[in-house]
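Visitor: Okay, here's the structure, questions in a sec.
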Ligand code: FEO
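Numbering (our numbering), first residue to last: 32 to 434.
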């Protein structure tokens, strides 16, 4: 039955019934200028099964898509692969509507759902590597803790070799093209990088361990269906996104030096430019970002595959500039690895901003490998040359990590 929003078939008896959020601009502090999708999937087996739901305001869209192929009250089982509210926001209402026989989640998922909905949702735990029997189909479940919540779980549809991977391998990208191979490859790489850098990065080591555990199961995978963004259905794309994830986990040093700064009267901006010249002179790649015009989530996308971070701030009210503090707070929480650090900036009558910058680097675990460049008021040529030489020195140090 044709509806305003219709289900899309992704495999025999398996349909995408999610929602497209064309307007999402901010996902808890991560700027999502391309919107997102909340993917939910319906398996039309002996037991009609819904994999995940959508953010609460998008329930009507999901119900429309489900209704285009089956009466939603016929759903027998709901599997919650991830408890965050973009996937469970309408779970209590869905349960009220469909009255499913069972709601399944990981053991930590059951706890998270209980904490979120205070007893409104009674979920049953499926153990790690346990199977949910759907009659003619079977779902093998795998705990994937900290990709990116403790409850996170993969579910694998044995009969279709289809991996429902929740947030893993996803991205915030609103697109009417459901499959990755229908979208621009460069855009997918950019948005996948940005998603991992802004959501999953602090847990990169645990992601590596989980992916090793998953690969050891030797399950053939013909499709990866994440909870956000396009579905990976070709072997080429599946191998590509797996290799991206290997790289995200390893975070090897690269020649890119991210230089972020903010400035009041242009002094710190001039230091940033001179620093970048020095970086380039040694064969590394400066990426200069003024925090007036670029937000913290874009900085993280750049930083995840960089080798060094140089931060410049003017002094304001005995401390660092607010945009710099904002960005460093964010970086400190996301904990990028294999990054060398450097500091530069300008001041009027005290050096307190430099102490503050140093403390941020310590908390982020980014080693400072050079003396600061500290310019009183306006940097003269000698001070600009010092910034240039620091850029060169940072690049040289970085190259020793790469070769
Ligand atoms: Fe897409 Fe962690 O929620």
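For every residue, glycine included, the Cβ atom is placed at its ideal position computed from N, Cα and C.
Bear in mind that the values here come from a model prediction, so they are computed numbers and not experimental data.
Starting from residue 353, trace the alpha helix (DSSP H) in both directions and tell me its first and last residue.
Guide: Counting along the chain, the alpha helix (DSSP H) containing residue 353 begins and ends at 353-365.
Visitor: Which one of 214, 223, 167 and 79 has the shortest CA to CA distance from residue 63?
Guide: When only C-alpha atoms are compared, the closest one is 223.
Visitor: Report the residue from 429, 389 and 32 whose alpha carbon sits nearest the alpha carbon of residue 399.
Guide: Per the Cα distances, 389.
Visitor: For residue 415, name the three-state secondary structure that DSSP assigns.
Guide: Of the three classes helix, strand and coil, the one that applies to residue 415 here is helix, per DSSP.
Visitor: Does the Cβ of residue 317 have 16 or more other Cβ atoms within 10 Å, making it buried, or fewer, making it exposed?
Guide: Residue 317 is buried by the Cβ-count criterion.
Visitor: Report whether the distance from the Cβ of residue 115 to the nearest heavy atom of the ligand FEO is below 7 Å.
Guide: The answer is yes for residue 115.
Visitor: Whole alpha helix (DSSP H) runs in the region 191-247 with 4 or more residues, listed along the chain?
Guide: 216-226 and 235-247, all fully within the region 191-247.
Visitor: Based on Cα-Cα distance, which residue from 74, 166, 112 and 265 lies nearest to residue 140?
Guide: The shortest Cα separation from residue 140 among 74, 166, 112 and 265 belongs to 112.
Visitor: On the three-state DSSP scale, how would you describe residue 118?
Guide: If DSSP states are grouped into helix, strand and coil, residue 118 belongs with the helices.
Visitor: Rounded to the nearest angstrom, what separates residue 313 and residue 227 at their Cα positions?
Guide: Looking at the two C-alpha atoms, the distance is approximately 30 Å.
Visitor: Is the beta carbon of residue 47 within less than 7 Å of some heavy atom of the ligand FEO?
Guide: Because no heavy atom of the ligand FEO lies under 7 Å away, the Cβ of residue 47 does not count as near it: no.
Visitor: Which residue marks the beginning of the beta strand (DSSP E) containing residue 40, and which one marks its end?
Guide: Note, residue 40: beta strand (DSSP E), 39-42.
Visitor: Return helix, strand or coil for residue 90, following the three-state DSSP convention.
Guide: In the structure shown, residue 90 sits in a helix (DSSP, three-state: H, G or I).
Visitor: So, using beta-carbon positions, are residue 109 and residue 254 closer together than 8 Å?
Guide: No; because the gap between Cβ atoms is not below 8 Å, this pair is not in contact.
Visitor: Give me the Cα-Cα distance between residue 229 and residue 334, rounded to the nearest whole angstrom.
Guide: Spanning the two alpha carbons is a distance of roughly 10 Å.
Visitor: Going by C-alpha distance, which of 407, 169, 397 and 206 is nearest residue 381?
Guide: Considering only alpha carbons, the answer is 407.
Visitor: Provide the residue(s) that pair with residue 174 in DSSP beta bridges, ordered along the chain.
Guide: Answer is 184, bridged to residue 174.
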